[in-house]
Amino acid sequence: MKHALSFLTLILAAGALGGCGSSPVARFYTLKPDATLTSGESSMPLHVVVNPVTIPDLVDRPQIVTRVAGNRVSLDEFDRWAEPLKSDIARVIAADLGALLGSEHVSVFDTGADVPPVWRVRVDVMRFDSAPGDAVTVEAQWTVWSPKKSAPVTGRSLEHESVQGQGYDALVAAHDRALAAVSRDIESAIRTSLAQ
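Residue 110 in the working numbering sits at position 110 of the sequence shown; the count goes up by one each step and never skips.
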């Protein structure tokens, strides 16, 4: 009986120590502006504010959400956004617009009343789909208000980008490219409004 109790204690201790193994390490990702974007036309040092971005509740969480099949999604506990996704999207669109317009005055916060008239941009992301090893889809409705207080310009962007490689780095890079395409659509609307 004494040996059986010692053996049981040894088994329990080994099990407890086995449970102390290392857990997977979390990886954190951020979206980044497209470094290849430049002002193709003349620079426009406009003051532009990108209002807070809205995103679907499904992806409004730290975990990266991927489409598995049909209506099934997966939340990855160890591959996460480093900051709230809607803030990250607003920051990237503002940086992309700054590069496209050739302006250093594009921000994600209001700069106050002591600045020249400000253009305002609102972006509502309707879809932010991720399929690792396949493609991403970003669908956004956006509105641009000119400082002239005329009727706003509205538009819709539906961008599909192939994921060029495996893993989450390639997936996030595809989202970077899709957001750059959305930014190009918004920049085009701003330039068209200026020409009117």
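Even glycine gets a Cβ: it sits at the ideal position worked out from N, Cα and C.
Quick caveat: nothing in here was measured; it's all calculated off a predicted structure.
Beta-carbon gap between residue i and residue j smaller than 8 angstroms
{"i": "proline 132", "j": "phenylalanine 78", "result": "no"}
{"i": "leucine 100", "j": "leucine 158", "result": "no"}
{"i": "valine 118", "j": "valine 49", "result": "yes"}
{"i": "arginine 80", "j": "proline 62", "result": "yes"}
{"i": "serine 146", "j": "serine 193", "result": "yes"}
{"i": "aspartate 129", "j": "alanine 180", "result": "no"}
{"i": "valine 125", "j": "isoleucine 55", "result": "yes"}
{"i": "valine 53", "j": "valine 123", "result": "yes"}
{"i": "asparagine 51", "j": "arginine 156", "result": "no"}
{"i": "proline 116", "j": "histidine 47", "result": "yes"}
{"i": "serine 183", "j": "isoleucine 93", "result": "yes"}
{"i": "valine 59", "j": "leucine 31", "result": "no"}
Span separating the alpha-carbon of residue i from that of residue j
{"i": "alanine 189", "j": "valine 153", "result": "7 angstroms"}
{"i": "valine 106", "j": "valine 73", "result": "35 angstroms"}
{"i": "phenylalanine 213", "j": "glycine 167", "result": "The requested residue 213 does not occur in the structure, where the chain is confined to residues 1 to 196."}
{"i": "aspartate 57", "j": "serine 87", "result": "14 angstroms"}
{"i": "aspartate 34", "j": "arginine 177", "result": "7 angstroms"}
{"i": "alanine 82", "j": "valine 138", "result": "19 angstroms"}
{"i": "lysine 148", "j": "alanine 170", "result": "41 angstroms"}
{"i": "phenylalanine 109", "j": "serine 103", "result": "15 angstroms"}
{"i": "glutamine 196", "j": "alanine 69", "result": "46 angstroms"}
{"i": "isoleucine 186", "j": "glutamine 141", "result": "10 angstroms"}
{"i": "serine 39", "j": "proline 45", "result": "11 angstroms"}
{"i": "arginine 67", "j": "serine 22", "result": "28 angstroms"}
{"i": "aspartate 134", "j": "histidine 175", "result": "12 angstroms"}
{"i": "isoleucine 64", "j": "leucine 75", "result": "6 angstroms"}
Identity of the residues DSSP links to residue i by a beta bridge
{"i": "threonine 30", "result": "None; threonine 30 has no bridge partner."}
{"i": "leucine 158", "result": "Glu139"}
{"i": "isoleucine 55", "result": "Isoleucine 55 is not bridged to any residue."}
{"i": "valine 48", "result": "Val106 and Trp119"}
{"i": "valine 153", "result": "Val144"}
Where the beta strand (DSSP E) through residue i begins and ends
{"i": "leucine 75", "result": "72-81"}
{"i": "alanine 69", "result": "63-69"}
Boundaries of the alpha helix (DSSP H) in which residue i is found, first to last residue
{"i": "threonine 192", "result": "167-195"}
Length at least 4, wholly inside the region 85-134: the alpha helix (DSSP H) runs in chain order: 85-101, all fully within the region 85-134.
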